[in-house]
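Here's the structure, in structure tokens; my notes come after.
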Amino acid sequence: MSTPTVHPRTVMSTADIARALTRISHEILESNKGPDDLVILGIPTRGVALADRIAALVSEFGGAAVPRGALDITMYRDDLHRNPTRTPQPTQIPAGGIDGKTVILVDDVLFSGRSIRAALDALQDIGRPAAVRLAILVDRGHRELPIRPDFVGKNLPSARQERVNVLLAEVDGAEEVTIAS
Amino acid sequence: MRHLLDTKTLSRHDALRILDVAEDMRDTQTREIKKLPTLRGKTVVNLFFEDSTRTRISFEAAAKRLSADVINFSAKGSSVSKGESLQDTAQTLQAMGADAVVIRHGASGAPQTLATSGWISAGVVNAGDGTHEHPTQALLDAFTIRKRRLGADSRGRDLTGVAVTIVGDILHSRVARSNVWLLSTLGADVTLVAPPTLVPQDVSAWPARIRYDLDDALAAGPDAVMMLRIQLERMNAAYFPTEREYSRRWGLDARRVASLPADSIVMHPGPMNRGLEISADAADSPRSTVLEQVANGVSVRMAALYLLLAGERDTTNAEEAAR
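Protein chains in written order, with the UniProt record's numbering: chain A, 1 to 181; chain B, 1 to 323.
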């Protein structure tokens with residue numbers, strides 16, 4: 001692994017992130033034709049913080065409370081034996097469940113697509129949604145699986161070895177998206 | 001974590017990690033589909049040289065819920081009864097590609113021997129060895145106490161300030177030993193109550209208080225009372241005059257349960273001798289956590305197997321490089 005030689009460059013500011021989430025929230029309402037039967041699930045860690053914000057915005061714009069939760073994918077990863085043991089995070093499914101609902105999966109960065117593959121497997125063990133959509137703050141490319149996002153905050157062309165870092169106020173105390181080579 | 005052999009050397013950090021992962025495992029067990037794909041392709045061998053029902057079934061359920069393959073091996077009807085040594089049995093399992101070995105053995109220290117001998121590269125989980133330790137039982141007991149006290153708030157919390165009284169045959173009990181070490185590591189205050197004949201020779205180094213009178217101990221208002229099974233199969237000497245006298249002085253009956261604080265719980269690792277160390281109404285009272293302990297046992301054992309097997313291992317890496 002190469003150590004970053006260039007200082008991280010900021011590609012999204014706090015305001016950029018807020019605007020992107022507002023737009024994504026409107027797009028979710030538009031494609032779903034309203035807030036009915038939506039369930040917004042974040043993938044830990046930062047996806048959960050983003051899901052909370054999107055759920056709040058969708059509830060505000062849509063005029064009805066939209067359930068949100070967290071979907072841990074640790075037990076479903078295909079790279080468990082290649083890394084030191086990961087500690088799972090809690091999964092929280094809203095009381096109404098996900099059967100027949102439109103689930104919006106939320107994560108911070110979309111890269112290989114393997115996390116989303118794991119999330120789809122995890123979802124299948126919990127219930128049978130009517131549809132599953134994917135909202136991503138940063139799509140950096142380099143997919144290894146046939147997975148594409150439905151709602152994207154920012155398309156960020158990157159080289160494979162570059163590091164994209166999302167910082168969020170709830171988790172990191174600071175808020176920005178940076179890229180470093 | 002490479003092995004789980006005892007709770008004496010288990011750090012507070014590692015103990016809490018197992019308990020916290022067990023919380024996540026417990027959540028998955030309330031779903032319609034309880035099986036996780038996490039340990040697909042791994043093989044867990046249950047190597048039981050002593051009789052056991054619930055521990056073996058619990059480990060089997062835990063491994064299967066994580067999609068591991070399970071091979072059950074019990075000494076009865078195996079080559080062990082033809083005189084095969086632990087070394088030969090272990091090397092046979094190694095040759096079959098076991099990733100984890102869950103071992104119960106009548107000799108204290110057998111799991112340690114298995115883990116350090118170099119006979120196998122698998123992770124070793126102690127499921128009870130002689131009168132030494134039974135770490136997963138202590139972990140599930142700690143999990144049950146924490147869950148009853150803190151509910152959904154349990155993650156990351158220890159047992160600071162919780163008073164636990166363990167009653168019965170301390171001398172022969174590996175459950176008591178594992179609990180003494182683990183509960184004190186987690187900050188609980190442990191009291192042991194037993195007839196003087198059933199207290200080990202030297203317990204001065206144990207982080208626990210010894211009492212001989214059960215009513216005195218219960219008057220202190222413990223948060224949890226853990227009754228130990230009188231192990232009739234190990235009672236090869238006269239430790240107490242009659243079962244009736246034992247039951248009267250150290251057995252938990254309805255009267256003693258009623259004297260406990262309203263929120264304290266009654267625990268028993270099972271199998272119970274109803275009418276000896278615990279009366280039927282104490283065992284079946286709403287304070288009794290016996291069945292919760294069994295359910296939590298599966299979650300705790302899933303956590304232990306997950307932490308042992310899911311991450312990268314030096315040995316499996318070598319095998320993969322060769323592939």
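We put the CB at the ideal spot given by N, CA and C, even for glycine. Computed from a prediction, not measured in an experiment: that's the story for all the values here.
Does residue i come out as helix, strand or coil in the three-state DSSP assignment?
| i | result |
| --- | --- |
| Ser74(B) | strand |
| Leu168(A) | coil |
| His105(B) | strand |
| Gln91(B) | helix |
| Ala283(B) | helix |
| Leu4(B) | strand |
| Leu156(A) | coil |
| Leu145(A) | coil |
| Arg9(A) | strand |
| Thr315(B) | The predicted model places Thr315(B) with a pLDDT of 46, which falls under 50 and marks its position as unreliable; any figure quoted below should be read in that light. Three-state DSSP puts Thr315(B) in a helix. |
| Thr14(A) | helix |
| Met272(B) | coil |
| Ala321(B) | Only weak support exists for where Ala321(B) lies, its pLDDT of 37 falling under 50; the value from the coordinates is given anyway. Note: Ala321(B) maps to helix in three-state DSSP. |
| Ile179(A) | strand |
| Ser59(A) | helix |
| Gln112(B) | helix |
| Ile93(A) | coil |
| Leu47(B) | strand |
| Thr28(B) | helix |
| Ile73(A) | coil |
| residue 182(A) | It is not possible to answer for residue 182(A), since the shown part of chain A is limited to 1 through 181. |
| Leu260(B) | coil |
| Gly47(A) | helix |
| Asp163(A) | The residue you asked about is not Asp; residue 163(A) is Arg in the sequence shown. Of the three classes helix, strand and coil, the one that applies to Arg163(A) here is strand, per DSSP. |
| Asn32(A) | helix |
| Val190(B) | strand |
Could you tell me the alpha carbon to alpha carbon distance between residue i and residue j, rounded to whole angstroms?
| i | j | result |
| --- | --- | --- |
| Leu168(A) | Ile43(A) | 14 Å |
| Thr87(A) | Arg17(B) | 8 Å |
| Ile210(B) | Ala194(B) | 8 Å |
| His13(B) | Ala115(B) | 22 Å |
| Gln89(A) | Arg140(A) | 25 Å |
| Arg23(A) | Glu30(A) | 10 Å |
| Ala131(A) | Gln124(A) | 11 Å |
| Ala18(A) | Val177(A) | 12 Å |
| Met96(B) | Thr89(B) | 11 Å |
| Arg274(B) | Asp281(B) | 9 Å |
| Thr53(B) | Ser85(B) | 24 Å |
| Arg2(B) | Gly118(B) | 13 Å |
| Val164(B) | Glu233(B) | 26 Å |
| Ala318(B) | Ala98(B) | In this predicted model, Ala318(B) has a pLDDT of only 37, less than 50, meaning its place in the structure is not dependable; the value taken from the coordinates is given anyway. Their backbone Cα atoms lie some 15 Å apart in a straight line. |
| Val125(B) | Leu309(B) | 11 Å |
| Ala61(B) | Gly41(B) | 16 Å |
| Gly251(B) | Ser67(B) | 41 Å |
| Val85(A) | Val70(B) | The question names Val, but residue 85(A) in the sequence shown is Thr. Between Thr85(A) and Val70(B), the C-alpha separation is close to 21 Å. |
| Glu245(B) | Asp6(B) | 34 Å |
From what residue to what residue does the alpha helix (DSSP H) around residue i run?
| i | result |
| --- | --- |
| Gly42(A) | No alpha helix (DSSP H) holds Gly42(A); the beta strand (DSSP E) holding it covers Leu38 to Gly42. |
| Arg301(B) | Val290 to Leu309 |
| Leu137(A) | Premise fails: Leu137(A) lies in the beta strand (DSSP E), Ala131 to Asp139, not in any alpha helix (DSSP H). |
| Arg229(B) | Run containing Arg229(B): none; DSSP gives neither H nor E here. |
| Lys147(B) | Pro135 to Leu150 |
| Glu60(B) | Arg54 to Arg65 |
| Asp121(A) | Arg114 to Ile126 |
| Asn179(B) | Arg174 to Thr185 |
| Leu218(B) | Leu214 to Ala219 |
| Trp250(B) | Glu243 to Trp250 |
So, under 8 Å CB-CB, residue i and residue j are touching, yes? Tell me the CB distance rounded to an integer number of Å.
| i | j | result |
| --- | --- | --- |
| Val58(A) | Ser112(A) | That belief does not hold up - the Cβ atoms of Val58(A) and Ser112(A) are roughly 28 Å apart, past 8 Å. |
| Arg177(B) | His105(B) | Between His105(B) and Arg177(B) the Cβ distance is about 15 Å, and since that is not below 8 Å, they are no contact. |
| Leu228(B) | Glu277(B) | 7 Å |
| Met267(B) | Val225(B) | 7 Å |
| Val66(A) | Leu105(A) | With a Cβ gap of about 14 Å, Val66(A) and Leu105(A) do not count as contacting. |
| Ala142(B) | Leu192(B) | Their Cβ separation, rounded to whole angstroms, is 16 Å, which puts Ala142(B) and Leu192(B) out of contact at 8 Å. |
| Val103(A) | Leu41(A) | 6 Å |
| residue 325(B) | Tyr306(B) | Residue coverage of chain B in this structure runs from 1 to 323, which leaves residue 325(B) outside it and unanswerable. |
| Ala303(B) | Met25(B) | 5 Å |
Identify the continuous beta strand (DSSP E) that holds residue i and give its terminal residues.
| i | result |
| --- | --- |
| Arg68(A) | Arg68 to Ala70 |
| Arg211(B) | Arg209 to Arg211 |
Using a Cβ cut-off of 7 Å, pull out every chain B residue sitting near residue i, in sequence order please.
| i | result |
| --- | --- |
| Arg82(A) | Glu312 |
| Pro88(A) | Val21 and Asp24 |
| Thr85(A) | Leu307, Ala310 and Gly311 |
Can you pull the chain A neighbours of residue i, defined as C-beta to C-beta under 7 Å?
| i | result |
| --- | --- |
| Ile33(B) | Asp125 |
| Arg157(B) | Near Arg157(B) there are no residues of chain A at all, since even the closest Cβ is about 14 Å away, more than 7 Å. |
| Arg17(B) | Thr87 |
Is there at least one non-hydrogen atom of the ligand ATP closer than 7 Å to the beta-carbon of residue i?
| i | result |
| --- | --- |
| Arg148(B) | Here there are no bound small molecules, and the ligand ATP is not part of this structure. |
Which chain B residues are close to residue i, counting only those with a beta carbon under 9 Å from its beta carbon?
| i | result |
| --- | --- |
| Asp121(A) | Pro37 |
Can you list the residues of chain A that residue i reaches, using a CB-CB cut of under 8 Å?
| i | result |
| --- | --- |
| Asp27(B) | Pro90 and Thr91 |
Give the interface partners of residue i over in chain B, defined as CB-CB distance under 8 Å, in chain order.
| i | result |
| --- | --- |
| Asp72(A) | Asp24 |
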